[in-house]
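FYI, in our numbering the residues of the sequence shown are 802 to 1265.
Backbone N, C-alpha and C define an ideal beta-carbon position, used for all residues, glycine too.
Structure first, then comments.
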Amino acid sequence: MTIKSLGNPFSAETDLRHGADCGCDSCAAGHAHAHHGTEVEPTQMSSEQMMERAVESAIVRSVFGQSDIGRRSFMGMLGGSTVAAALASVFPMDQAKAAILDNLGTPEKTDLNIGFVPITCATPIIMAQPMGFYERYGLNAQVIKTAGWAVARDKSLSGEYDASHMLTPMPLAMTLGAGSVATPYIMPAVENINGQAIVLSNEHMDKRDPAQWKGFTFGVPFEYSMHNFLLRYYVAEFGLDPDVDIQIRVVPPPEMVANLRAGNLDGYLSPDPFNQRAVWEGIGFIHTLTKDIWEGHPCCAFAAPLSFATELPNTYGALLKSIIDATQYASNPDNRKEISAAIAPTNYLNQPVPVIEQVLTGTYADGLGEVKQVPDRIDFDPFPWHSMGVWILTQMKRWGYIDGDVDYKAVAEQVYLAADAKKVMEDLGYEAPDVTYKSHTIMGKTFDPSEPEAYVSSFAIGKG
């Protein structure tokens, strides 16, 4: 799959908002991109091309006041190449690109500790070490296996980790002081989209209807996780109150399978490879993939304290380039088997290669006797949509994790950074675009990020 947020901004056919009906090249797998008159296969975009595209998109979107309909109409009338030439004559586009591609100084600090929890969501962060992506940008980064999310949070807050693999809700919660001391965090890149599942014990093969789950105990990896919020959303849509009708326990991902086997859990909504591992061990089955709850939902991310970016800007820039480059490489399905072998060893995921391959390639046994083919079971797209941050905050409010008035947009924009494009524009003294919102559809219900409070109050079940 391609980097869906980085479509060609000079094309009248590309919808940079990427709604459900978007027919742009980068939403149609296998189609070539028009890139200033040359054809570039999206899955083959280099990190440099990707960075250039991010800068171009940010500039063009700000010129058109964030109106994608106006932009497309204008491109259609005049032609993308004409607009590109005109824009280049008044705006130093090449200098903007150079600012991030060439003008980053030597990293102030090259020896970095980066935490990760051993799950496939962390694929870009993990693979960047054995496959040389950190080294490519002048960094000697060590990725450190971490037992669970509370440990990752605490080691990041203490400074033991320079940056860390986190769940997308975590930097929002940490910035707000929910569950920890309030510390400004930034999330410049999403690690993966989709990539989770609800697994049930084989004892419950006759209970495929969630209305039958009263009294069940489920595991999630952390309170401030997409897993917790997606599980709550899912059961509530079937009429169950997740705080009354089921029990939800926090279980570190590597302990999920053992707890299912021991009967401590009836099921879990977990990161992979532990959903597939339950099938591999013959003790559980995949009830549903989370992509079938919310297609394209974010899960894990690359995050760091705001101070890391402000005090070590060159190091931060090099690290971000490493991560985006690795994410781009992982987005190409042709590379998934190679990556599976690279991240399987004991010091990384410590899993059989076939288990990881089933997750990354999307050809997998479901535990119910079928082999499924879902190529985008997990995918990799680094763009941190502000609308996704707002949705997560609405669920934190809905379930009582945050109280009182929430400035949803302000928090989302403070924490979720399209850092490559924003940093370049701000360095050049231009106003950086901050309208990175789109509607999302979760279980058939549309989320409008401009009406978060109305969304929270629209649910029959909830606390907020």
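Handout entry: ILE1262 and ALA1037 closer than 8 Å at C-beta
Key = yes
Exercise for the section: Could you check the C-alpha separation between PHE811 and ASP1182 for me, to the nearest Å? Expected result: 21 Å
Exercise for the section: Starting from the C-beta of ASP955, find all residues in its chain whose C-beta is less than 7 Å away, skip the five residues before and the five after it, and write them out in chain order. Expected result: none
Practice task
Pair every Cβ in the region 1070-1085 with every Cβ in the region 1165-1177, then say whether three or more of these pairs are closer than 8 Å.
Solution key: yes
Exercise for the section: Could you please give me the residues that DSSP links to LYS1173 through a beta bridge? Expected result: TYR1165
Handout entry: HIS834 versus ASP1204 - alpha carbon distance
Key = A caution first: HIS834 carries a pLDDT of 36, below 50, which makes its placement in the model too unreliable to give a value.
Handout entry: MET932 burial status per 10 Å Cβ neighbour count (16 or more: buried)
Key = buried
Handout entry: Nearest to GLN1215 (by Cα), restricted to the options ALA974, LYS1092, ASN993
Key = ALA974
Problem - Sequence-distant residues of the same chain with beta carbon closer than 6 Å to ALA1185, five excluded per side - result: Residue identity check: residue 1185 is Pro in the sequence provided, not Ala. The residues are MET988, VAL991, TYR1217.
Practice task
Starting from LEU968, follow its DSSP beta bridges and name the residues at the other end.
Solution key: CYS1101
Exercise for the section: Run the CB neighbour count on GLN943, radius 10 Å, all protein chains shown included, and call it buried at 16 or more, exposed below. Expected result: exposed
Practice task
Measure from the alpha carbon of GLU961 to the alpha carbon of each residue in THR947, LEU968, PRO970, THR969, then state which is nearest.
Solution key: THR947
Handout entry: Rounded C-alpha distance that separates CYS922 from GLY880
Key = 39 Å
Exercise for the section: Measure the beta-carbon distance from ILE1144 to ILE927 and round it to whole angstroms, keeping in mind my assumption that it falls under 8 Å. Expected result: 5 Å
Exercise for the section: Count the other C-beta atoms from every protein chain shown that fall within 10 angstroms of the C-beta of SER1141, then say buried if there are 16 or more, exposed otherwise. Expected result: buried
Handout entry: Cβ-Cβ distance between ALA1101 and HIS966 below 8 Å
Key = A quick correction: the sequence has Cys, not Ala, at residue 1101. For CYS1101 and HIS966, yes; Cβs fall inside 8 Å.
Exercise for the section: Please state whether DSSP places ASP1182 in a helix, a strand or coil. Expected result: coil
Exercise for the section: In angstroms with no decimal places, state the Cα-to-Cα distance between PRO1099 and ILE994. Expected result: 4 Å
Exercise for the section: May I have the straight-line CA-CA distance separating ILE1179 from LYS1264, to the nearest angstrom? Expected result: 31 Å
Problem - Cβ-based neighbour list, VAL1088, same chain, cut-off 8 Å, excluding 5 preceding and 5 following - result: Reading off the sequence, residue 1088 comes out as His, not Val. So the list reads ALA998, ILE999, VAL1000, LEU1001, ARG1009, GLY1068, once near-sequence residues are dropped.
Practice task
Name the residue from VAL1160, PHE1260, ASP1135 whose alpha carbon lies nearest to the alpha carbon of GLN1196.
Solution key: PHE1260
Practice task
Would you tell me roughly how many angstroms separate the C-alpha atoms of ALA1127 and LEU1061, rounded to the nearest one?
Solution key: 33 Å
Exercise for the section: State the Cα-Cα distance for the pair TYR1117 and ILE1157, rounded to the nearest angstrom. Expected result: 30 Å
Exercise for the section: Give the DSSP-derived three-state secondary structure of PHE1086 in the structure shown. Expected result: strand
Exercise for the section: Give the C-beta separation of ASP963 and ALA1105 to the nearest angstrom, bearing in mind that I take them to be a contact with Cβ-Cβ under 8 Å. Expected result: 7 Å
Problem - Cβ shell of VAL1154 (< 6 Å), same chain only, five flanking positions each side left out - result: SER1141, ALA1142, ALA1145
Exercise for the section: Output the boundary residues of the beta strand (DSSP E) element that contains THR1247. Expected result: 1246-1248
Problem - Top-ranked residue by Cα proximity to ARG1050, from PHE1075, PHE1017, TYR1034 - result: PHE1017
Handout entry: GLN1159 versus LEU1066, ALA951, PRO1074, GLU1112, residue with shortest Cα-Cα distance
Key = PRO1074
Problem - Spatial neighbours of SER1251 in its chain, beta-carbon cut-off 8 Å, leaving aside the 5 residues before and after - result: TYR1238
Exercise for the section: Can you check the region 936-1007 for any alpha helix (DSSP H) of at least 4 residues that lies completely inside it and give the ranges in chain order? Expected result: 950-959, 970-977
Problem - Counted within 10 angstroms of its Cβ, other Cβ atoms place ASN1276 as buried (16 or more) or exposed - result: Any property of residue 1276 remains undetermined from this structure, which presents the chain solely from 802 to 1265.
Exercise for the section: Please list the segments of the alpha helix (DSSP H) lying wholly inside the region 1008-1059, counting only runs of 4 or more residues, in order along the chain. Expected result: 1027-1038
Handout entry: Inter-residue Cα distance where the pair is HIS836 and THR815
Key = Confidence at HIS836 is low in this model, with a pLDDT of 36, below 50, so the placement of that residue should be treated as unreliable; the coordinate-derived value is given next. Answer to the nearest angstrom: the Cα atoms are 12 Å apart.
Exercise for the section: May I ask which residues mark the beginning and end of the alpha helix (DSSP H) holding ASP1126? Expected result: 1114-1131
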